[in-house]
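Visitor:
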Amino acid sequence: MHYIRPPLMNCDILKVYFLGSGRIAVPILSSLKKSPRISLAGIGTQMDRPAGRKNLVTPTPVGDWCRENGISPDKPASVNSPEFLEKLRGMDGLDMIFVSSFGQLLKQEILSLPRLGCINLHASLLPAYRGASPLQAAILNGDLKTGVCFMQMEKGLDTGPVFSTSEYQIQAGQKADELEYALGVLAASDTENVLLDIASGLLKPVPQDNAKATYAGKIRKEHGEIRWNSPAVEIERKLRAYHPWPGVFFNLQNGGRKIRMAITELACLDISGTPGRILKADKKDLIVACGDGAVSLKKVVPEGKREMSGTEFVRGCQDIEGVVLANV
C-alpha cells in the first residue's frame with residue numbers, strides 16, 4: 011500500500027492526538043509534551059479499573075501522568091463510539107493519532123480520520139510478536155534483544171508497514187515492567203523526529219514480511235500458574251515476563267487446606283529430582299524440583315498474606331519437605 015503525505019513545512023506544527031495507557035507510553039508522552047514542533051490536541055487513555063490485591067479503582071500509568079501534569083484525559087469506554095469519533099472530527103487540522111499501548115482495537119473509521127492516519131509504537135521488532143504481549147513473549151522465549159517499531163496502523167493486527175525500528179538488548183534478570191519502561195525511554199528519544207519525518211515525507215513505510223510473522227496473544231490470569239515439569243530456566247523467565255501481572259503461582263496442600271502461593275523472587279539451581287517435589291524446606295532454603303533443574307523460592311506471597319522469604323514461610327507451616335506439588 012502506498013501512502014501519500016503532503017509535506018510538512020519547517021514552520022508548521024504537527025497536531026497530534028495521543029492514545030495510550032501502559033507504562034511504555036509515559037516517557038513518550040512526556041517527550042511530545044516538551045516538543046516545540048508538536049501540539050498535543052488531546053490525550054485518551056483507558057478508563058480507571060480495579061487493580062492490586064485490594065482491587066482499588068486505579069488510573070492507567072498515562073492517567074497518572076495526566077493527573078501529575080494537570081491534564082484531564084479522555085477516557086472513552088469505546089474509542090470507536092460515534093461520540094468519540096465526533097469529538098475527534100471536531101479537532102480542526104488534526105494531522106495524526108499516535109498510539110502506544112492503548113488497549114483497544116481501532117476500527118477503519120478512526121484509522122482514516124486524521125490527515126496522516128494513525129501511527130503506532132509497537133514493542134517488538136516486527137514482524138516478530140504481533141499482538142498484545144510482545145515484550146512478555148520476548149522474555150518468555152529467552153530473547154537477547156527486542157526493540158520498538160513505529161508503524162502505520164491498518165485494519166490487520168500489527169500488520170502495517172514500518173517507518174522506523176530501534177533495537178534494545180534485554181538485560182539479565184530484567185522483568186516485564188522494567189523492560190516496558192526501558193523501551194518507552196528508547197522510543198521517546200526518537201518519537202519527535204520520527205513523527206516529523208513521517209509528516210515531511212522523509213520516512214517511507216516499508217511493508218512487513220508476513221511470512222516471518224509471529225504472534226503474542228493476550229495474557230490471562232491462569233497463564234501465571236506454574237507447571238513444574240517445565241525447566242527451571244523457563245519458570246524463571248515466566249516470573250520475569252508476568253511481573254507484576256498476573257504473576258506466577260502454585261497451589262500447596264498443607265494442614266488440610268490449599269494455599270495459593272505467589273512467587274516474587276527465585277533462583278535457578280542445578281539439582282535434579284521429581285518435578286514438583288519439594289527437595290528442601292528448612293531454615294536455610296525452600297527448593298522445588300523442576301523438569302530440568304530446580305528453583306530456590308527466595309520470596310513468596312501466601313494467599314491473603316504479605317510477602318515473605320521462602321524460609322520464613324516454612325517456619326510457619328507443617329513439614330512440607332518431600333511433598334510433590336500438583337500441576338506437573
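Sequential numbering of the sequence shown, starting at 11, is according to the working numbering.
For glycine and all other residues, C-beta sits at the position ideal for the given N, C-alpha and C.
Just so you know, these numbers come straight off a predicted model, no measurement behind them.
(1) Using the three-state DSSP reduction, which class does Ala-299 fall into: helix, strand or coil?
(2) So Val-204 and Pro-171 are in contact, right, with Cβ under 8 Å, and what is the actual spacing, rounded?
(3) Rounded to the nearest angstrom, what separates Leu-123 and Arg-99 at their Cα positions?
(4) Just to confirm, are Leu-71 and Gly-32 a CB contact at a threshold of 8 Å?
(5) To the nearest angstrom, how far is the alpha carbon of Glu-246 from that of Val-258?
(6) Would you call the segment 217-226 and the segment 57-68 in contact, with 3 or more CB pairs under 8 Å?
(7) Taking only the alpha-carbon atoms, compute the straight-line gap between Asp-74 and Ile-53 and give it to the nearest angstrom.
(8) Going along the chain, which unbroken runs of the beta strand (DSSP E) with 3 or more residues stay wholly within the segment 303-333?
(9) Shortest alpha-carbon distance to Ala-182 belongs to which of His-233, Val-243, Lys-315?
(10) My assumption, with CB atoms under 8 Å, is that Arg-237 sits in contact with Asn-337. Please give the rounded CB distance.
(11) From this set, Asp-329, Asn-261, Lys-308, Asn-65, which residue's C-alpha is nearest Cys-278's C-alpha?
(12) Taking the alpha-carbon positions, what's the Lys-25 to Ser-176 distance?
(13) Give me the DSSP bridge partner(s) of Met-106.
(14) Tell me which same chain residues have a C-beta within less than 6 Å of the C-beta of Val-310, skipping the five on either side of it?
(15) If you count every other CB in all the chains shown that lies within 10 Å of the CB of Ser-88, and 16 or more means buried, which is it?
(16) In three-state DSSP terms, what is Thr-224?
(17) Can you tell me the Cα-Cα spacing of Lys-268 and Lys-315, whole angstroms?
Guide: According to the structure data:
(1) If DSSP states are grouped into helix, strand and coil, Ala-299 belongs with the strands.
(2) Between Pro-171 and Val-204 the Cβ distance is about 14 Å, and since that is not below 8 Å, they are no contact.
(3) When rounded, the distance between both Cα atoms is 7 Å.
(4) For the record, residue 71 in the displayed sequence is Pro; it is not Leu. Remark: C-beta atoms of Pro-71 and Gly-32 approach each other more closely than 8 Å.
(5) Straight-line Cα distance between these residues: approximately 10 Å.
(6) Verdict: no, contact absent.
(7) Asp-74 and Ile-53 have their C-alpha atoms spaced approximately 12 Å apart.
(8) Scanning the segment 303-333 for uninterrupted beta strand (DSSP E) segments of 3 residues or longer gives 304-312, listed from N- to C-terminal end.
(9) Cα-wise, what sits closest to Ala-182 is Val-243.
(10) Contact flag correct, Cβ pair sits at about 6 Å.
(11) Put simply, of Asp-329, Asn-261, Lys-308, Asn-65 the residue whose alpha carbon is nearest the alpha carbon of Cys-278 is Lys-308.
(12) Roughly 24 Å separates the two Cα atoms.
(13) Bridge partners of Met-106 according to DSSP: Val-26.
(14) Only Met-271, Ile-273, Gly-320, Phe-323 meet the Cβ criterion.
(15) Classification of Ser-88: exposed, given that the 10 Å Cβ count is below 16.
(16) In the structure shown, Thr-224 sits in coil (DSSP, three-state: anything other than H, G, I, E or B).
(17) Rounded to whole angstroms, Lys-268 and Lys-315 show a C-alpha spacing of 14 Å.
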